[in-house]
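J.: Residue numbers (our numbering), protein chains in the order written: chain Z, 1 to 108; chain E, 1001 to 1113. Before we start, here is the structure in question, set down as structure tokens.
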Amino acid sequence: GQQLNQSPQSMFIQEGEDVSMNCTSSSIFNTWLWYKQDPGEGPVLLIALYKAGELTSNGRLTAQFGITRKDSFLNISASIPSDVGIYFCAGRVNDMRFGAGTRLTVKP
Amino acid sequence: EAGVVQSPRYKIIEKKQPVAFWCNPISGHNTLYWYLQNLGQGPELLIRYENEEAVDDSQLPKDRFSAERLKGVDSTLKIQPAELGDSAVYLCASSLGWAGELFFGEGSRLTVL
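See below:
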């Protein structure tokens, strides 16, 4: 089963708004990854984090590796319609575990 | 550079029939994964290979599922016999070493009737 608690489960936002989602666990992870999945496609890697406290950006996306190593968040600034999809966090110690996903809907 | 390639993209079978999925990882990636993704859920690991060795298959239902990666490159995942509950997307991923970033294929969507 899933050991990562990802929230929120879904978000409905207006184009141009900022978005924030997070992932927490009772376990410590060495790596956090964030993926986006479009319908009928495989997950696509957005950002990878390898050190506690690390803050990394990829365009309008920013993600942070929590200091406790038990959490991570992803922010999307100035959302656009193509941001629609399901975002997954993934954490690794021995193997990669995935959260249940945050489904994002962006209204034009 | 080609990404992870999976086939078939879609497969519809009747229960109790066998089915096989094929995966070609990114060139040079020695670590290969098979994940199961149920509707509305995140991927769940079935098996991880380091080269041709299955190093983590604890989540693979071995009574009906089998996998192989004979030459340490391509891999196949087989289900025999398939059950209704096996309907899901089967994702293959690869990485450059165990600690590397995972790159996924487009998945094989299985429907068991």
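Glycine included, C-beta positions come from ideal geometry on N, C-alpha and C.
At the 7 Å Cβ level, is residue 16 of chain Z part of the contact set with chain E, yes or no?
T.: Working through the first sequence from its first residue, we reach residue 16 of chain Z at position 16. No, residue 16 of chain Z does not count as interfacial toward chain E.
J.: Of all the options Z:15, Z:5, Z:6, which has the alpha carbon lying nearest to the alpha carbon of residue 80 of chain Z?
T.: Residue numbering aside, residue 80 of chain Z sits at position 80 when the first sequence is read from its first letter. Among Z:15, Z:5, Z:6, the Cα nearest to that of residue 80 of chain Z belongs to Z:15.
J.: Assuming contact is defined by CB atoms lying nearer than 7 Å, are residue 1083 of chain E and residue 1076 of chain E in contact in what I supplied?
T.: Within the second sequence, the letter at position 83 stands for residue 1083 of chain E. Within the second sequence, the letter at position 76 stands for residue 1076 of chain E. Cβ atoms of residue 1083 of chain E and residue 1076 of chain E: not closer than 7 Å.
J.: Looking at residue 21 of chain Z: is its Cβ nearer than 7 Å to the Cβ of residue 105 of chain Z?
T.: Here residue 21 of chain Z is taken as the residue at index 21 of the first sequence, counted from 1. Here residue 105 of chain Z is taken as the residue at index 105 of the first sequence, counted from 1. No, these two residues do not count as a Cβ contact at 7 Å.
J.: Can you grab the Cα-Cα spacing for the pair residue 65 of chain Z / residue 71 of chain Z, in whole Å?
T.: Translated into the one-based positions of the first sequence, residue 65 of chain Z becomes position 65. Translated into the one-based positions of the first sequence, residue 71 of chain Z becomes position 71. Cα to Cα, residue 65 of chain Z sits roughly 7 Å from residue 71 of chain Z.
J.: Note down the Cα distance separating residue 1156 of chain E from residue 1081 of chain E, rounded to an integer number of angstroms.
T.: Absent from the structure is residue 1156 of chain E, since the part of chain E shown begins at 1001 and ends at 1113.
J.: Would you decide whether residue 38 of chain Z is buried or exposed? Buried here means 16 or more other CB atoms lie within 10 Å of its CB.
T.: Position 38 of the first sequence, counting from 1, holds the residue named residue 38 of chain Z. By the 10 Å Cβ count, residue 38 of chain Z comes out exposed.
J.: For residue 1108 of chain E, is the classification buried or exposed, using 16 other Cβ atoms within 10 angstroms of its Cβ as the cut-off for buried?
T.: In the second sequence, counting from the first residue as 1, residue 1108 of chain E sits at position 108. That one is buried.
J.: Please report whether the beta-carbon of residue 96 of chain Z lies at a distance below 7 Å from any beta-carbon of chain E.
T.: As a first step, residue 96 of chain Z must be located in the first sequence, where it is residue number 96. Yes, residue 96 of chain Z lies at the interface with chain E (some Cβ there is under 7 Å from its Cβ).
J.: Short check: CB of residue 29 of chain Z to CB of residue 92 of chain Z, under 7 Å?
T.: For this step, residue 29 of chain Z is matched to residue 29 along the first sequence. For this step, residue 92 of chain Z is matched to residue 92 along the first sequence. Yes, they are a contact pair.
J.: Given 8 Å as the limit, is there contact between the region 1090-1103 of chain E and the region 1022-1039 of chain E, that is, 3 or more CB pairs closer than that?
T.: The answer is yes - the region 1022-1039 of chain E touches the region 1090-1103 of chain E, with three or more Cβ pairs under 8 Å.
J.: Against residue 43 of chain Z, what residues of chain E qualify as contacts under a CB-to-CB distance less than 8 Å, listed in chain order?
T.: As a working mapping, residue 43 of chain Z is identified with position 43 in the first sequence. The contacting residues are 1043, 1091, 1104.
J.: Sorted by chain position, which residues of the same chain lie with C-beta nearer than 6 Å to residue 1055 of chain E's C-beta, five sequence neighbours on each side aside?
T.: Within the second sequence, residue 1055 of chain E is the residue found at index 55, counting from 1. Excluding residues within five positions, the ones whose Cβ falls inside 6 Å are 1048.
J.: If contacts are defined as beta-carbon pairs under 8 Å, then residue 4 of chain Z and residue 99 of chain Z qualify, I think. What distance do you get, rounded to the angstrom?
T.: Here residue 4 of chain Z refers to the residue found at position 4 of the first sequence. Here residue 99 of chain Z refers to the residue found at position 99 of the first sequence. Contact holds; Cβ gap of about 4 Å.
J.: From residue 1060 of chain E to residue 1050 of chain E, what distance separates their C-alpha atoms?
T.: Here residue 1060 of chain E is taken as the residue at index 60 of the second sequence, counted from 1. Here residue 1050 of chain E is taken as the residue at index 50 of the second sequence, counted from 1. Roughly 16 Å separates the two Cα atoms.
J.: Relative to chain Z, which residues along the region 1045-1079 of chain E have a C-beta separation below 8 Å, given in chain order?
T.: Here the close residues are 1045, 1048, 1056.
J.: Quick one: using the 10 Å Cβ neighbour count with 16 as the cut-off for buried, is residue 69 of chain Z buried or exposed?
T.: One-based indexing of the first sequence puts residue 69 of chain Z at position 69. Residue 69 of chain Z should be labelled buried.
J.: Excluding the 5 residues preceding and the 5 following residue 55 of chain Z in the sequence, name in chain order all residues of the same chain whose CB lies nearer than 6 Å to its CB.
T.: Here residue 55 of chain Z corresponds to residue number 55 of the first sequence, with the count starting at 1. 64.
J.: Should residue 1079 of chain E be labelled buried (16 or more other beta-carbon atoms within 10 Å of its own) or exposed?
T.: Here the question's residue 1079 of chain E lines up with position 79 in the second sequence. Flag for residue 1079 of chain E reads buried.
J.: Could you check what DSSP says for residue 91 of chain Z in three-state terms: helix, strand or coil?
T.: Locating residue 91 of chain Z in the first sequence gives position 91, where the first residue counts as 1. In this structure, residue 91 of chain Z counts as strand in the three-state DSSP scheme.
J.: Round the Cβ separation of residue 1101 of chain E and residue 45 of chain Z to the nearest angstrom and send it over; I've been treating them as touching at under 8 Å.
T.: As a working mapping, residue 1101 of chain E is identified with position 101 in the second sequence. As a working mapping, residue 45 of chain Z is identified with position 45 in the first sequence. 6 Å between Cβ atoms; contact.
J.: To the nearest angstrom, how far is the alpha carbon of residue 1039 of chain E from that of residue 1004 of chain E?
T.: Position 39 of the second sequence holds residue 1039 of chain E. Position 4 of the second sequence holds residue 1004 of chain E. Approximately 22 Å, taken between the alpha carbons.
J.: Excluding five sequence neighbours on each side, which residues of the same chain lie with their C-beta closer than 6 Å to the C-beta of residue 77 of chain Z?
T.: Counted from its first residue, the first sequence places residue 77 of chain Z at position 77. Counting only Cβ-Cβ distances below 6 Å, and skipping sequence neighbours, we find 18, 60.
J.: Excluding the five sequence neighbours on either side, which residues of its own chain have a C-beta within less than 7 Å of the C-beta of residue 1014 of chain E, listed in chain order?
T.: For this step, residue 1014 of chain E is matched to residue 14 along the second sequence. Around residue 1014 of chain E: 1113.
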